[in-house]
Ligand SMILES: Nc1ncnc2c1ncn2[C@@H]1O[C@H](COP(=O)(O)OP(=O)(O)OP(=O)(O)O)[C@@H](O)[C@H]1O
Ligand SMILES: [Mg+2]
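Protein chains in written order, with this note's numbering: chain A, 1 to 463; chain B, 1001 to 1275.
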């Protein structure tokens, strides 16, 4: 059905374009200079007038018909079934399957009637939607071509349509963000305050608790293991690994950006820049097993050779490899902002008798600082959000430690661990993942805000 | 004095009109200078003598190579990869393209003011203190303060900015920015000051201030100024050089060049017939 609709849609849109185009030329009597707008704009205007109503009919009509069909089908069943969300959903599945012609084990008369009425309503409704769309499209063509005259400002009207499309696209992005945040906030609220959820911690217990062990609930019959939702070990683990990563990536990334943009000749640059970008393209899974199979054992071997005790999965291994992962972010973005600093500032500094490194330190880096800081923030968010490398190289043990040689775990790894496999969405354990996600989101938000303020305060504006 | 004699013969060897040779010691001497941007021959066989403690004006139509030659004098063309310079340029009888010469040191003695103001995105104070700090010209904060104040005073900007030294230099108006750049250039007390159309962004009052400054500075500095304003060249310079399509067509005392030029192209240009 939708296919038919889309075909009609495309045909009418094209027809609209050519109708508008032809009509404009006809109105002008062939002399297109007499028109306010070019014929193409009249065509585009007519096309836009067709697209808007047909899109609305498409997006509203089919879901509405679906809903009505479901309602009429379910009304064949007793009220108590309709009231029970679970049973209702199961019955709906049966109805849809039956109506779709898939064979079923036991078919009651009730079900059969429901399925018949379901396909009936669906069929009629869909044809009505197609009809409505056709009507709207054709009507729009007549309406639009009717408006075309010598003085009609098709160009300006089409501009409004372009604006509407642009706004709609940004609205999608913003609404998605709001939706995600809202769902995380809602589930977090349930985790802390919904009385139906058992075994959940209090807020302060969550924020300041020093133990993290959500799995214990499943092994309750084993006795003395206590469930614990203390967030602190995860935060410490996340920060530890991220700081190690930043300590690797910021100096290396920034210095290589400086080398590439100011010192390297064109030939070195042509080779080195793509090479760095390939590093950015390596999937994190690959980096993860590199960390687990190469880096972690070498660290362990080296540490033990000088008498340190090193876990076979360590924060250091994960942090080092994560640092390698984010080097290209920092170097590539910093390289861009350094190149964006106007040549006239360099000239001014060189003409004062400054050396390259003095110019870099005193003029270019300060001017590029806001861009560099945002590169670092971006890299930081990547590091905080990175999961795969940590899963493979740092382990799952929620140890509260600042020792980079011990196994630690991070917020994202725990979210992943909790949500892997079958889950009911109203256990404390599952909802804890949302609470973690919320805190993670909140922490990055605050970091971004602080960084933004720092940049505003210290930025050295050039123009 | 023997050097001057040599100069005169060399200049005469070139087939351009001969004017009276400069008086006094020569600060900058260029012989057979050629500049190429890739394949483009931007300066052709240029010879010139620039006397010490005086102002020389470079005039000529757009694209004739004035800026290019100016940038040869402090080797700023080094920063342009495709640019190639041949021939000889001497300052105080020292070849500045000698490989053993320290470019950074050379530029420290030659101030430059660019056509478009390019203050650093730093405070007004730090802009002027930039040179003195990197060259270690002052040991204490109060010495630097003194240099900053005197440079800004010389550039005629002190009264306008003395209460806002901590504000960003880029927040000034275009004319103020240009005077800030002049203050920045003279803060290191260079021997030579190169000015590439320093007044093209300035109003008449600011222009007058800059010209006044040039007049004052010339007793201690050697100044070269590129300008599109014939009046300005006539007002501030002692000698004038006219460039056309990469060649130095005519060079001599400013009053002579403007009253009785010997080359037809010079005459056409200063009477406004082309350029
Ligand atoms: N960086 C460069 N790369 C390539 N060619 C250049 C470059 N700079 C200048 N040129 C060329 O060299 C010639 C001389 O340029 P120059 O900037 O010296 O002219 P000018 O006399 O200063 O002109 P104007 O009065 O417009 O500033 C011009 O033809 C110009 O196109
Ligand atoms: Mg120029």
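Quick reminder that beta carbons are idealized off the backbone N, C-alpha and C, glycines included.
Since the model is a prediction, treat every value here as computed from it, not as a measurement.
Residue i to residue j span [Cα, whole Å]
i	j	result
residue 28/A	residue 20/A	12 Å
residue 451/A	residue 239/A	17 Å
residue 17/A	residue 176/A	33 Å
residue 1073/B	residue 1020/B	23 Å
residue 439/A	residue 390/A	19 Å
residue 233/A	residue 429/A	17 Å
residue 342/A	residue 148/A	49 Å
residue 1064/B	residue 1109/B	26 Å
residue 190/A	residue 85/A	19 Å
residue 1093/B	residue 1101/B	13 Å
residue 104/A	residue 116/A	15 Å
residue 96/A	residue 118/A	8 Å
residue 414/A	residue 384/A	13 Å
residue 256/A	residue 1035/B	33 Å
residue 1147/B	residue 1155/B	12 Å
residue 165/A	residue 1119/B	42 Å
residue 37/A	residue 44/A	11 Å
residue 1202/B	residue 1178/B	8 Å
residue 1181/B	residue 347/A	12 Å
residue 274/A	residue 1218/B	52 Å
residue 297/A	residue 291/A	9 Å
residue 280/A	residue 330/A	10 Å
residue 1250/B	residue 261/A	42 Å
residue 158/A	residue 172/A	21 Å
residue 1188/B	residue 1230/B	30 Å
residue 69/A	residue 106/A	22 Å
Status (buried if at least 16 other CB within 10 Å, exposed otherwise) for residue i
i	result
residue 1070/B	buried
residue 1080/B	exposed
residue 181/A	exposed
residue 136/A	buried
residue 170/A	exposed
residue 263/A	exposed
residue 212/A	buried
residue 1143/B	exposed
residue 1163/B	exposed
residue 1216/B	exposed
residue 1255/B	exposed
residue 335/A	buried
residue 219/A	Confidence at residue 219/A is low in this model, with a pLDDT of 49, below 50, so the placement of that residue should be treated as unreliable; the coordinate-derived value is given next. Under this definition residue 219/A is an exposed residue.
residue 1220/B	exposed
residue 47/A	buried
residue 1066/B	buried
Residues of its chain near residue i, where Cβ-Cβ distance is below 8 Å and the 5 sequence neighbours each way are ignored
i	result
residue 1078/B	1103
residue 112/A	98
residue 377/A	447, 448, 451
residue 1001/B	Note that residue 1001/B has pLDDT 41, beneath the 50 cutoff, so the model's placement of it is unreliable and no number is given.
residue 295/A	317, 320, 321, 393
Neighbourhood of residue i by C-beta distance below 7 Å, restricted to the same chain and skipping five residues each side
i	result
residue 303/A	310, 405
residue 39/A	21, 24, 25, 32
residue 277/A	328, 332
residue 217/A	With a pLDDT of 48 at residue 217/A, under the threshold of 50, the modelled position of that residue is not reliable, and the figure given next carries that caveat. 199, 227, 429.
residue 400/A	210, 232, 233, 236
Nonlocal neighbours in the same chain, by C-beta distance under 6 Å from residue i, ignoring five residues either side
i	result
residue 1129/B	1144, 1148
Discussion item. Whether or not the stretch 1039-1049 of chain B and the stretch 1222-1234 of chain B are in contact is what I'm after, with contact meaning three or more pairs of Cβ atoms, one per stretch, closer than 8 Å; do they touch?
Written reply: No, because fewer than three Cβ pairs between the stretch 1222-1234 of chain B and the stretch 1039-1049 of chain B fall closer than 8 Å, the two stretches do not touch.
Worksheet item: If you pair each beta-carbon of the stretch 59-75 of chain A with each one of the stretch 147-158 of chain A, do three or more pairs fall below 8 Å?
Response: Segment contact: the stretch 59-75 of chain A against the stretch 147-158 of chain A, fewer than three CB-CB distances shorter than 8 Å; contact not assigned.
Worksheet item: Taking three-plus beta-carbon pairs below 8 Å as touching, is the stretch 384-403 of chain A in contact with the stretch 310-322 of chain A?
Response: The stretch 384-403 of chain A vs the stretch 310-322 of chain A: in contact.
Worksheet item: In chain order, what residues of the stretch 1115-1132 of chain B put their CB closer than 7 Å to some CB of chain A?
Response: 1116, 1118, 1120, 1121, 1122, 1130, 1131
Worksheet entry | Given 8 Å, three or more beta-carbon pairs between the stretch 1123-1134 of chain B and the stretch 1166-1175 of chain B | yes
Practice prompt. Would you be able to state if there are at least three C-beta pairs under 8 Å between the stretch 244-251 of chain A and the stretch 430-449 of chain A?
Written response: no
Worksheet item: Would the stretch 362-379 of chain A and the stretch 274-290 of chain A be scored as touching if the rule is three or more Cβ pairs under 8 Å?
Response: no
Worksheet entry | the stretch 1194-1204 of chain B in contact with the stretch 1110-1121 of chain B per 3-pair CB rule at 8 Å | yes
Worksheet item: So which residues touch the region around ligand 4, with touch meaning a C-beta under 7 Å from any heavy atom?
Response: Absence of ligand 4 from the depicted structure is noted, with ligand 1 and ligand 2 being the only ligands included.
Worksheet item: Given 8 Å as the limit, is there contact between the stretch 1016-1031 of chain B and the stretch 1203-1214 of chain B, that is, 3 or more CB pairs closer than that?
Response: Note that the stretch 1016-1031 of chain B does not touch the stretch 1203-1214 of chain B; fewer than 3 beta-carbon pairs, one per stretch, sit closer than 8 Å.
Worksheet item: Using a Cβ cut-off of 8 Å, which residues of the stretch 344-363 of chain A contact any Cβ in chain B, in chain order?
Response: 344, 345, 346, 347, 348, 349, 350, 351, 352, 353, 354, 355, 358, 362, 363
Discussion item. Measuring CB atoms only, is the stretch 190-209 of chain A touching the stretch 365-383 of chain A, in the sense that at least three cross pairs come out at less than 8 Å?
Written reply: The stretch 190-209 of chain A vs the stretch 365-383 of chain A: no contact.
Worksheet item: Between the stretch 1029-1060 of chain B and chain C, which residues of the former have CB atoms less than 9 Å from a CB of the latter, in chain order?
Response: Chain labels in this structure do not include chain C; the protein chains are A and B.
Discussion item. If contact is defined by three or more beta carbon pairs under 8 Å, each pair taking one atom from either stretch, is the stretch 1231-1247 of chain B in contact with the stretch 1055-1062 of chain B?
Written reply: At 8 Å Cβ cutoff, the stretches touch.
Worksheet item: Which residues, taken in chain order from the stretch 363-377 of chain A, show a beta carbon closer than 8 Å to some beta carbon of chain B?
Response: Against chain B - using a Cβ distance shorter than 8 Å - the residues of the stretch 363-377 of chain A are 363, 366, 367.
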